[in-house]
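So the number in the numbering used here is just where the residue sits in the sequence shown, counting from 1, plus 1249.
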Amino acid sequence: MYSVTKEIHFCYGHRLLHHPGKCRHLHGHNARAVIRLESETLDGLGMVVDFADIGDYVKGWLNAELDHNMLLWEKDPVLPLLQQAGERVHVTAENPTAEHIARLIFEHVERGGFPVVEVAVFETASGCATYRRG
1250 MYSVTKEIHF CYGHRLLHHP GKCRHLHGHN ARAVIRLESE TLDGLGMVVD FADIGDYVKG
1310 WLNAELDHNM LLWEKDPVLP LLQQAGERVH VTAENPTAEH IARLIFEHVE RGGFPVVEVA
1370 VFETASGCAT YRRG
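Dropping the structure here:
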C-alpha cells in the first residue's frame, strides 16, 4: 500500500454551544489539516496523487468555505446577527468541533475522487482530531 500526506494551514473562528468551558465563547484557531491518501497502485507518473493536485483542490475549497470564516452551528443564536452584519459565516449541521471539521474536509476530498483515508485537524500544536471511514 502506498500513502501520501498533504498538510494545509488555514484560520477559522467558531464557538461550541453548550461547552462548559471557554470554548463556548467566540474564538479562533490557526489550524493545520493533514490529509492522508492511499492506493495499492500508482498512476502513470508513479504517484498516488500529485501533491499539487490535492493541494490546489483542498486549498480552493478551504479558502472559499472555511479559511478566515466563522464556523457556527445552525442552532447558534448569534448566527443571524453575524449574517445581518455581513460577516463571513459557514453554517454547520453540528457543533463545529475539530472532529466535525475533519469530517467536512474528508468528505470534500472524497467528493473530488481522491483516495482519502484520513483527515486530521490540529486546532492547536498539541490538539488533534481525526476522521476516517470506519
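The C-beta atom is built at its ideal place from N, Cα and C for all residues, glycine as well.
Query: Can you tell me whether LYS1324 is buried or exposed? The criterion is at least 16 other CB atoms within 10 Å of its CB, across all chains shown.; Result: exposed
Query: Per DSSP, which one or two residues make a beta bridge with GLU1253?; Result: Before going on, a small fix: residue 1253 reads as Val here, not Glu. BP columns for VAL1253 point to LEU1286.
Query: When the distance is taken between beta carbons, is LEU1311 closer than 8 angstroms to VAL1298?; Result: no
Query: DSSP has ASN1318 in a bridge; who is on the other side?; Result: TYR1261
Query: Along the chain, where does the alpha helix (DSSP H) containing ALA1342 start, and where does it finish?; Result: Careful: ALA1342 lies outside any alpha helix (DSSP H) and carries neither H nor E.
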